[in-house]
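A short write-up of the structure that comes next.
Numbering (the working numbering), first residue to last: 415 to 564.
Shown next, in the form of structure tokens:
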């Protein structure tokens, strides 16, 4: 894998996203990512996603990680939670084209994955597209800057 070269990636999930998160973590470790940190959950036992999403979002927001990838059953709850953080632009993606546009047009820094609805191979494609796509800037930068609540 070449798209994650030199990246620091933060991961988190709830119990429903635990298995897919671990598979994606293993996949990312086969590439050139310099650092991957798992903020939990650490088992498939019932877990509340905010307990793991907030610490991951704070770390991405501080700049400790280039990107975050968050997994839960539908992707919705964990996406809503990380988006509570001012410096986070999380996108719920279920196809590579959405991940590409989230990066190109919205400068998304967190990818939310609906783990109960995606096969591993499709998830790899989405993650690859997300990590390998650059922000277009230009007219999109103005829109991204307007996202902040002051």
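Where is the CB? At the ideal position from N, CA and C, for every residue including glycine. Since the model is a prediction, treat every value here as computed from it, not as a measurement.
* Determine the closest residue to residue 459 out of 421, 533, 491 and 486, with distance taken between C-alpha atoms. => For residue 459, the nearest C-alpha among the options comes from 486.
* Supposed close pair residue 424, residue 479 - CB separation, criterion 8 Å -> Yes, residue 424 and residue 479 are in contact; Cβ-Cβ is about 4 Å, under 8 Å.
* Asked: What distance in whole Å lies between the Cβ atoms of residue 509 and residue 556, which are believed to be in contact at a cut-off of 8 Å?
  -> About 27 Å separates the beta carbons of residue 556 and residue 509, which is beyond the 8 Å limit, so they are not a contact pair.
* What is the DSSP secondary structure of residue 430, reduced to helix, strand or coil? -> Three-state DSSP puts residue 430 in coil, outside helix and strand.
* To do: Count the other C-beta atoms from every protein chain shown that fall within 10 angstroms of the C-beta of residue 551, then say buried if there are 16 or more, exposed otherwise.
  => Residue 551 is exposed by the Cβ-count criterion.
* Asked: Where does residue 528 fall in DSSP's three states?
  -> Note: residue 528 maps to strand in three-state DSSP.
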